[in-house]
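Notes follow the structure.
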Amino acid sequence: MSAFTSARPGESTPALSDAHRGPGGVLEIPQRFLMGPGPANADPRILAAQSLPLLGHMHPPFIKIMDEVQQGLRYLFQTDSKYTLCASGTGHAGMEMAIANLVEPGETIVVGNNGIWGTRVCDMAERFGANVVNLQTPAGTSFSLETLTAALKEHKPAVLFLCQGESSTGVHQSLAGVGDVCRETGTLLLVDTVCSLGGVPLYADEWKVDAIYSGSQKCLSAPPGAAPLMFGERAQAKLKARKTKVRSYYLDLNLVGNYWGWDAPQPRAYHHTGMTSMWYAMREALAIVSEEGLDAMWARHEAVHKQLWEGLGAMGLQPFVQNPADRLLTVNTIKVPEGVDWAAVCANAMAKFNVEIAGGLGPTAGQIWRVGLMGYNARPANVELVLAAFRDGLKQQGYIK
Ligand SMILES: Cc1ncc(COP(=O)(O)O)c(C=O)c1O
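Under full-length UniProt numbering, residues 1 to 401 are what the sequence shown spells out, in order.
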């Protein structure tokens, strides 16, 4: 006979194993300045919003919060499209959602690939059965409109992918004129804004961007876990005209969009449990964006970027991105000088200043440092701290006196 009435007849109930009992005690976290490419420190007001009581994910007060998130996203993306939402997950969830829904098997996608994000989009699009054209330009450079136009005219793809803020290289991809050419070739323009949204200008409608995804943990100052997404009218029409089923159930925008009210006045249906606390965070993050105003936010990011480079320049450090017009404000990439141990500088910054400075990633590994100036962290005092950490680390390396 079992000691537990909940055990089913015949189920054995041996002595409980304590071998893997979890930790006890209250969680403690060191205070760190996350000045790498992300996540950035979250705004305490956003963290406080996450600790509010849970609501049911179909309760009217929660639906109201989702509506507010969608409204805030329209401002952030500068779009009138009703098709905005947050994907449940990090930036990759937004990336995969956009590709899974926009591209049908056998269709062509031209991927502007100048760092690891383009490489990942190639991989994902291939998994969804697309014919992938991997359009490359060296790390540290962006695509010219001429190059993009030629690729669009040659391949007439269903989708063109560009990354506005390439965080592995620190490159800002201009979107000027790209949307117009995409319209000429019947192509949908998909843009990754994970590292750039809220930090640099973006006008989805004006620039004719058809689909955008982003992340919560960078310039929006929220924790990781939400991927803001926008589909314009053309992208939504493509979704509704698909000949094949979206190959991911979890990310199918026909279903997720319905839960976010995209099919109104048709009623919303449960698809997966709403990310209650995460949507509270996004509601608060977007309220903060609206209160500050996008123009003020963009100006703040530009000002701290300038402040950083004045300080780095005074130490003799050089930008990795040669063309000033290609430099991303939010993730700054700095060449590691000959003979300097980049990892020792990062380790010293963490040990002595509690400051995270990151090394390179993908094509830039070992060649650069990356400093993120995003959202809540895009403040003069944080820049001073980063500069102090560099000065100290470079002195130890004998690079400066
Ligand atoms: C430009 C860019 N795209 C996509 C991603 C992926 O986002 P996540 O790591 O939140 O999934 C990142 C993450 O750093 C990024 O910087």
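From the three backbone atoms N, C-alpha and C, an ideal C-beta is built for every residue, glycine too. Note that the structure is a prediction, hence the values are computed from the model and not measured.
- Per the DSSP secondary-structure output, Tyr376 pairs with nothing in a beta bridge.
- No heavy atom of ligand 1 is found nearer than 6 Å to the CB of Cys219.
- Per DSSP, Lys335 is one residue of the beta strand (DSSP E) stretching across 331-335.
- Its chain contains His57 as the residues whose beta carbon lies nearer than 8 Å to that of Thr273, once the 5 sequence neighbours on both sides are disregarded; these appear in chain order.
- Secondary structure at Glu96: helix, using DSSP grouped into helix, strand and coil.
- Relative to ligand 1, the beta carbon of Cys195 is positioned inside 6 Å of a heavy atom.
- Leu54 and Lys352 have their alpha carbons spaced roughly 39 Å apart.
- By the CB criterion at 7 Å, Leu189 and Leu160 fall inside the cutoff.
- Scanning its chain for C-beta atoms nearer than 7 Å, with the 5 sequence neighbours on each side dropped, one finds around Ala139 the residues Asn114, Gly115, Thr169, Pro363, Thr364, in chain order.
- Each residue's CA atom was taken as its position, placing Tyr376 and Ser6 some 50 Å apart.
- Within the DSSP bridge table, the entry for Ile212 names Val191, Met230 as partners.
- The stretch 209-216 makes contact with the stretch 91-99; the number of CB pairs closer than 8 Å reaches 3 or more.
- Here Val246 carries a coil assignment [DSSP, helix/strand/coil].
- Taking a cut-off of 8 Å for Cβ pairs, the stretch 177-189 and the stretch 58-70 do not touch, as fewer than three such pairs fall below it.
- DSSP lists Val200 as the bridge partner or partners of Leu197.
- With respect to the C-alpha of Leu385, the residue from Leu308, Met282, Gln322 having the closest C-alpha is Leu308.
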